[in-house]
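Asker: For reference, the structure I am asking about is given below.
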Amino acid sequence: MSNKGSNINPESFRDSLGTVLEDGKRNWIYPKKVSGKFYRWRSYLSWVLLAILFIGPFIKIDGRPYMLFNIFERKFIIFGAAFWPQDTHILIFLLLIFFIFIILFTAVFGRVFCGWACPQTLFMEMVFRKIEYLIEGDASQQRKLNAMPWNSEKLWKKGLKMSVFLLISLLISHTVMAYLIGIDQVVEIVSQPPSAHISGFIGLMAFTGIFLFVFSWFREQACIVVCPYGRLQGVLLDANSINVTYDHVRGEPRGMIRKNKVEELPKGDCIDCTLCVQVCPTGIDIRNGVQMECVNCTACIDVCDEVMEKVDRPKGLIRYASDNSVLKQTQKLVTSRVKVYTLLLVILTGAFITLLATRDDLSATVTKFRGMTYQERDTGEISNFYEVSFINKTFKDQLIELRPEDPTYKIEVVGDQNWTLESQSKFDGRFFLVKEQEDVKTNQDKVVLLLLQNGEIIDKIKTNFIAPIR
Ligand code: SF4
Ligand code: SF4
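In our numbering, the protein residues as written are 969 to 1438.
See below:
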């Protein structure tokens, strides 16, 4: 599009990255400050999302976190509902739902998520970039500052910027940690000397270092090189997906406006001011078409609308549109792909809700003690030794009991006789299953154990009982 009529390969822009120079070095991007309708709305949304993110760890229900992703203890609380390792299958459904939703959303609305809600873009463009503009000025001033020798101005500006970046990175790392281990734990770590919580302290410092590195140096590379979602765009998008798109039908052939000159050729609406390239945080030219590097940040829409207003041409030369709506003036939102994804999403959501509604609040696993068969007692009884593991997924203490369904069996608990499980806890116990020798009819009997929660039967557990036949 951009190279129509020239000898240059119109696809040549695909052979290089805007952020890499010909000699392989990093081409540092200095995006020009932007303002406009979309930027304003993105700013408002970012305040809401950032507030939710930072307030999240403080939200508790009956003293427990509303959200917790404790990967270390494999314990998760999502919207107040607790999930244990035994609920992994339910979490897998939740993850699948999330992925299918993202795929469906991307097929219809392109990378809207990247520009409006991705934490990387939110922090980069709405927090760190704004601070950079505030301290170092707009793109041209930043270039000038970076080219300067290390004088007092450069020293204090860079020093101030990095200090503020460090403080924000600390804030983010503590918040992330609070989502992982809970806010109470984080408060404990920060209120005691590092030696008291060495692993927690190292974790916090590591996260801070990573965030500082990403937002002060790595920046757009996270979206271009690391993010797998960006890589998937090629297969997720089609000609009907809505993206930040340059209307090449309207815009080409592009050409600068020269005052008091009669145009020899009919010109498109693009005046080739290159402002859309100058504001782009990933250093691309949207006029080359949809590209993997575009994070749909809408900066080019805002700046181009401003240009169109100045040259008295209709806004929207760059806008949210699909390839089909630009080329054929048609927009089909509900394609066969979208229908299939929607159906899949409905099925998965149904399965997830069913699993969630039918899952046990309390579970018990009974296993025979390894290496032992049976014991013959002087009393004429035969016993088998078992281990039991209880998990209380509820937020209340529960009194647990195991009782054999067959009254010829009895249970003898070893050790602590009080099987009261605290809320959200796991308990391992041991017990003997005992039967009179004279009642033994087979050397391997199937036994049903009733699991009672606060006196009520909630489950039946099957196990084996081994005994000699006399
Ligand atoms: S900002 Fe608009 S007019 Fe200027 S180069 Fe980009 S597309 Fe063309
Ligand atoms: S092309 Fe436009 S929307 Fe895409 S990243 Fe660059 S400025 Fe943002």
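Built from N, CA and C at the ideal position, the CB exists for glycine as well.
Report the rounded CA-to-CA distance for Val1258 versus Gly1168, giving the unit in angstroms.
Answerer: Each residue's Cα considered, the two are about 43 Å apart.
Asker: Helix, strand or coil, according to DSSP, for Asn1114 in the structure here?
Answerer: It is helical.
Asker: Determine the burial state of Ile1252: buried for a count of at least 16 other Cβ atoms within 10 Å of its Cβ, exposed for fewer.
Answerer: By the neighbour-count rule (16 or more Cβ atoms within 10 Å), Ile1252 is buried.
Asker: Figure out for me which residue from Ile1350, Leu1285 and Glu1188 has the closest Cα to the Cα of Val1217.
Answerer: Ranking the options by Cα distance to Val1217, first place goes to Leu1285.
Asker: Less than 7 Å separating the Cβ of Val1247 from some heavy atom of ligand 2?
Answerer: True, at least one ligand heavy atom lies under 7 Å from that Cβ.
Asker: If we count the other Cβ atoms within 10 Å of its Cβ and call it buried at 16 or more, is Ser1141 buried or exposed?
Answerer: Counting Cβ neighbours within 10 Å, Ser1141 comes out buried, since at least 16 surround it.
Asker: If you draw a straight line from the alpha carbon of Ser1011 to that of Ile1136, how long is it in whole angstroms?
Answerer: For Ser1011 and Ile1136, the distance between alpha carbons rounds to 18 Å.
Asker: Can you tell me whether Gln1392 is helix, strand or coil according to DSSP?
Answerer: Three-state DSSP puts Gln1392 in coil, outside helix and strand.
Asker: Please classify Glu1093: is it buried, with 16 or more other beta-carbons within 10 angstroms of its beta-carbon, or exposed?
Answerer: Under this definition Glu1093 is a buried residue.
Asker: Please look up how many angstroms separate the CB atoms of Phe1320 and Ile1058, rounded, as I've assumed it's under 8 Å.
Answerer: So it is a contact: roughly 7 Å between Cβ atoms.
Asker: Pro1436 and Leu1401 look like a contact to me (Cβ under 8 Å); what is the Cβ gap, rounded to whole Å?
Answerer: Their Cβ separation, rounded to whole angstroms, is 15 Å, which puts Pro1436 and Leu1401 out of contact at 8 Å.
Asker: DSSP three-state call for Asp1270: helix, strand or coil?
Answerer: Here Asp1270 sits in helix by DSSP.
Asker: Starting from Phe1037 and walking both ways along the beta strand (DSSP E), at which residues does that stretch end?
Answerer: Start and end: Leu1036 to Asn1038.
Asker: I need the DSSP call for Val1245, collapsed to helix, strand or coil.
Answerer: Reduced to three states, the DSSP call for Val1245 is helix.
Asker: Go through its chain and collect everything with a Cβ distance to Asn1422's Cβ below 7 Å, but skip five positions before and after it.
Answerer: Closer than 7 Å at the Cβ level, and outside the excluded window around Asn1422, lie Gln1366 and Leu1367.
Asker: Sort out for me which residues DSSP pairs Asn1211 with in a bridge.
Answerer: DSSP output for Asn1211 lists Ala1289 as bridge partner(s).
Asker: By alpha-carbon positions, which one of Lys1122, Leu1090, Tyr1288 and Asp1374 ends up nearest to Lys1414?
Answerer: Among Lys1122, Leu1090, Tyr1288 and Asp1374, the Cα nearest to that of Lys1414 belongs to Asp1374.
Asker: What does DSSP give as the partner residue(s) for Val1356 in the beta ladder?
Answerer: According to DSSP, Val1356 bridges with Val1334 and Gly1397.
Asker: With 16 as the cutoff for other CB atoms within 10 Å, does Pro1087 come out buried or exposed?
Answerer: That one is exposed.
Asker: Please say whether Ala1146 and Gln1392 have beta carbons closer to each other than 8 Å?
Answerer: No; because the gap between Cβ atoms is not below 8 Å, this pair is not in contact.
Asker: Quick one: measure Cβ to Cβ for Thr1439 and Tyr1007, integer angstroms, because I've assumed they're closer than 8 Å.
Answerer: Since the first and last residues shown for the chain are 969 and 1438, residue 1439 lies out of range.
Asker: Pick from Asn1208, Val1408 and Leu1243: whose alpha carbon is nearest that of Ser1351?
Answerer: Comparing Cα-Cα distances from Ser1351 to each of Asn1208, Val1408 and Leu1243, the minimum goes to Val1408.
Asker: Under the criterion of a Cβ to heavy atom distance below 7 Å, does Cys1265 qualify as lining ligand 1?
Answerer: Result no, Cβ not under 7 Å from ligand 1.
Asker: Among Ser1209, Phe1091 and Cys1241, whose alpha-carbon lies nearest the alpha-carbon of Phe1183?
Answerer: Among Ser1209, Phe1091 and Cys1241, the Cα nearest to that of Phe1183 belongs to Phe1091.
Asker: Using the C-alpha atoms, what's the distance from Ile1170 back to Leu1180?
Answerer: Using only the alpha carbons, I get a separation of about 15 Å.
Asker: Quick one: what does DSSP say Ala1049 is sitting in, helix, strand or coil?
Answerer: Of the three classes helix, strand and coil, the one that applies to Ala1049 here is strand, per DSSP.
Asker: How many angstroms separate the CA atom of Ser1304 from the CA atom of Ser1293?
Answerer: Cα to Cα, Ser1304 sits roughly 18 Å from Ser1293.
Asker: With a threshold of 16 other CB atoms inside 10 Å of the CB of Arg1199, please say whether the residue is buried or exposed.
Answerer: With fewer than 16 other Cβ atoms within 10 Å, it is exposed.
Asker: With DSSP as the reference, label Phe1363 as helix, strand or coil.
Answerer: Phe1363 falls in the coil class under three-state DSSP.
Asker: Give the DSSP-derived three-state secondary structure of Arg918 in the structure shown.
Answerer: Residue 918 is absent from the structure shown; the chain starts at 969 and stops at 1438.
Asker: Any heavy atom of ligand 1 within a distance shorter than 7 Å of the CB on Ile1252?
Answerer: It does not: the Cβ of Ile1252 is nowhere closer than 7 Å to a heavy atom of ligand 1.
Asker: Can you tell me whether Thr1388 is buried or exposed? The criterion is at least 16 other CB atoms within 10 Å of its CB, across all chains shown.
Answerer: It is exposed - the Cβ of Thr1388 has fewer than 16 other Cβ atoms within 10 Å.
Asker: Indicate whether Asp1237 and Gly1004 have their beta-carbon atoms separated by less than 8 Å.
Answerer: For Asp1237 and Gly1004, no; Cβs fall outside 8 Å.
Asker: When the Cα of Gly1397 is compared with those of Thr1410, Leu1370 and Asp1346, which residue comes out closest?
Answerer: The candidate whose alpha carbon is nearest that of Gly1397 is Leu1370.
Asker: Helix, strand or coil, according to DSSP, for Val1408 in the structure here?
Answerer: Correct three-state label for Val1408: coil.
Asker: Would you tell me roughly how many angstroms separate the C-alpha atoms of Leu1417 and Gly1083, rounded to the nearest one?
Answerer: Using only the alpha carbons, I get a separation of about 56 Å.
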